[in-house]
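For reference, the structure discussed in these notes is given below.
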Amino acid sequence: MTDKEIKKKRAKMMRLLKETSEFYNSENRGYSEEEASCVYLDVDTGNKCAIGRKLRQPHYDLIIKEDLQDASVSHLFNHFDKNNLKLPKSLQGLSRGFLTKLQSFHDDEGKYNWDKNGLTEKGKEEYLEIRNQIYKGIYDN
């Protein structure tokens with residue numbers, strides 16, 4: 100990968116991280132009361148998780164059909180591959196490591212990272228850590 104391609108990929112990761120951090124709060128995170136966890140698409144509210152927000156209807160159809168609401172990013176993407184579903188352009192070319200970290204920022208750490216106003220202080224720290232990892236090249240592969 101050339102330096103120009105690496106810079107382009109890192110800029111794409113930064114855009115996705117930034118828009119994710121600006122979009123969510125504790126009220127719209129795609130948390131399902133029924134599942135008691137974050138889901139790619141909450142069919143009751145229409146809220147979506149960080150990765151789910153970027154998916155399209157064929158992806159949601161497969162998630163619901165195959166009961167993949169709480170699948171890991173890697174497991175979910177394996178199902179997409181198996182069913183010849185391409186990722187939306189906004190996710191293409193990004194490492195599963197980065198997408199898993201983004202999802203974790205939203206999900207696992209989510210209860211600490213978000214409040215009704217958006218990012219908490221803990222969330223801001225996590226955001227900066229991921230940003231620094233992007234610039235260090237942790238997710239370049």
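In the working numbering, the protein residues as written are 100 to 240. Each residue gets a CB set at the ideal place from its N, CA and C atoms; glycine is no exception.
- Do the CB positions of Tyr139 and His205 come within less than 8 angstroms of each other? no
- To the nearest angstrom, report how far apart Asp214 and Ser125 are at their CA atoms. 5 angstroms
- Return the chain-ordered list of same chain residues with a C-beta closer than 6 angstroms to the C-beta of Tyr159, the five sequence neighbours on each side being excluded. Leu140
- If you follow the alpha helix (DSSP H) that Glu220 is part of, which residue opens it and which one closes it? Glu220 to Lys235
- Task: Could you say which of Gln156, Leu167 and Thr199 lies nearest to Pro187 if we only look at CA atoms?
- Result: Gln156
- Query: Should Gln202 and Val172 be called a contact, given that it needs their Cβ atoms to be closer than 8 angstroms?
  - Reply: yes
- Over what stretch of residues does the alpha helix (DSSP H) that includes Ile163 continue unbroken? Gln156 to Lys164
- Message: For Lys185 and Lys223, what's the separation of their Cα atoms in angstroms?
- Response: 32 angstroms
- Taking the alpha helix (DSSP H) that Asn177 falls in, what are its first and last residues? Val172 to Lys181
- Sequence-distant residues of its chain with Cβ nearer than 8 angstroms to Asn240 (five each side left out): Ser194 and Gly196
- Item | Contact belief for Asn212 with Glu228 at Cβ below 8 angstroms, rounded distance in angstroms | Not confirmed; about 11 angstroms, so no contact.
- Message: Could you compute how far the alpha carbon of Lys164 sits from the alpha carbon of Lys147?
- Response: 17 angstroms
- Query: Less than 8 angstroms separating the beta-carbons of Leu161 and His178?
  - Reply: yes
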